[in-house]
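Student: Quick one: structure below, then a few questions.
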Amino acid sequence: MKFFIDSANMQEIRAAAAFGIVDGVTTNPSLVSKEGNQEGFEDLIKEICDVVGGPVSAEVLSTEYSLMVSEGKKLAEINENVVVKLPMTEDGIKATRILSDDGINVNVTLIFSPSQALVAAKAGAAYVSPFVGRLDDVSSSGMDLVLDICEIYGHYAYETKILVASVRHPMHIAEAARMGADVATFPYKVFTQLFKHPLTDIGLERFIKDWGKT
Ligand code: E4P
């Protein structure tokens, strides 16, 4: 499974990349705005691409498909690793088809149902992003959606990768891996939580203490 960091914060991205186990980055307008970096958006995406060396999702803000296409083409020119992120709307799907046919990788975001994931795959999306945490927030199972998409894609030869998004905790990632999802994208905080288990800390402390006894 590939690990992407869901962040627009360069400090977090650099810190995560330093472990050598991060394969890419996803951003969205909310994350960019949180960093107060709307003006320098293109420079930010360029900098992320320089640090990570893998797919970097950059989202368009237009909602009309021909504008999405021109915005997407501009973003794709920043770096060959840029993946254009488009929302799961009718216009988003038209734009996905056009950009994909043009050789540009598209991540269709805001996926909340299996039928949306099917449509995105048919339009040639490189990635679909089911938002598991936001479904859990409204008492619907996000991981059931991932399982459904894995099953559906398993029947066909779509090249679309399942990118599990809106991840809130390590169990989402472990479950997604168990289901065979291709990628999980998660915040830096969840990245650090992946490493931790209290028994590891207790075990290490005991080893060091015992070694000191002899
Ligand atoms: C994915 O690409 C999105 O940026 C992200 O995972 C959304 O997560 P949230 O529901 O925590 O905002």
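Okay, so the sequence shown: first residue is 2 according to this note's numbering, each after it adds one. A virtual CB, placed ideally from N, CA and C, is assigned to each residue, including glycine.
1. DSSP puts serine 58 in a beta bridge; with which residues?
2. Should phenylalanine 4 be counted as a contact of ligand 1 given a C-beta to heavy atom distance under 7 Å?
3. Is it true that the region 146–157 meets the region 113–131, where meeting means three or more beta-carbon pairs spaced less than 8 Å apart?
4. Shortest alpha-carbon distance to glutamate 65 belongs to which of Pro188, Lys95, Cys50 and Lys47?
5. Just how far apart, CA to CA, sit methionine 144 and histidine 173?
6. Does the distance from the CB of alanine 18 to the CB of valine 52 come in under 8 Å?
7. If we ignore side chains and look at the alpha-carbon of each, how far apart do methionine 69 and methionine 89 end up?
8. Write down every uninterrupted run of the alpha helix (DSSP H) in the region 83–124 whose length is 4 residues or greater and which is fully enclosed by it, in chain order.
9. Evaluate the contact criterion for the region 154–167 versus the region 180–190: three or more CB pairs, one atom per stretch, below 8 Å.
10. With 16 as the cutoff for other CB atoms within 10 Å, does tyrosine 157 come out buried or exposed?
11. Measuring straight from C-alpha to C-alpha, what distance separates valine 57 and arginine 135?
12. For tyrosine 157, which three-state DSSP category applies?
13. Would the beta-carbon of alanine 166 be found less than 7 Å away from any heavy atom of ligand 1?
14. Specify, as a first and last residue, the run of the beta strand (DSSP E) that threonine 64 falls within.
15. Rounded to a whole number of angstroms, what is the C-alpha to C-alpha distance between serine 130 and valine 191?
16. Using 8 Å as the limit for Cβ to Cβ distance, is aspartate 145 near chain D?
17. Mapping DSSP to helix, strand and coil, what is phenylalanine 208?
18. Measuring only the C-alpha atoms, how far is valine 61 from valine 147?
19. Could you check the C-alpha separation between asparagine 38 and glutamine 12 for me, to the nearest Å?
20. Across which residues does DSSP place alanine 166 in a beta bridge pair?
21. Would you tell me roughly how many angstroms separate the C-alpha atoms of alanine 122 and arginine 98, rounded to the nearest one?
22. I believe valine 85 touches tyrosine 128 by the beta-carbon criterion, under 8 Å. Please report the beta-carbon distance rounded to the nearest angstrom.
Tutor: Working from what's here:
1. Thr27 and Val84
2. no
3. yes
4. Lys95
5. 7 Å
6. yes
7. 12 Å
8. 91–102 and 115–123
9. yes
10. exposed
11. 22 Å
12. coil
13. yes
14. Taken as a continuous stretch (DSSP letters only), threonine 64 belongs to no beta strand (DSSP E), as it is neither H nor E.
15. 18 Å
16. In summary, chain D is missing from the structure at hand, where a single protein chain is found.
17. helix
18. 24 Å
19. 14 Å
20. Phe132
21. 10 Å
22. Wrong, their Cβ atoms sit about 10 Å apart, outside the cutoff.
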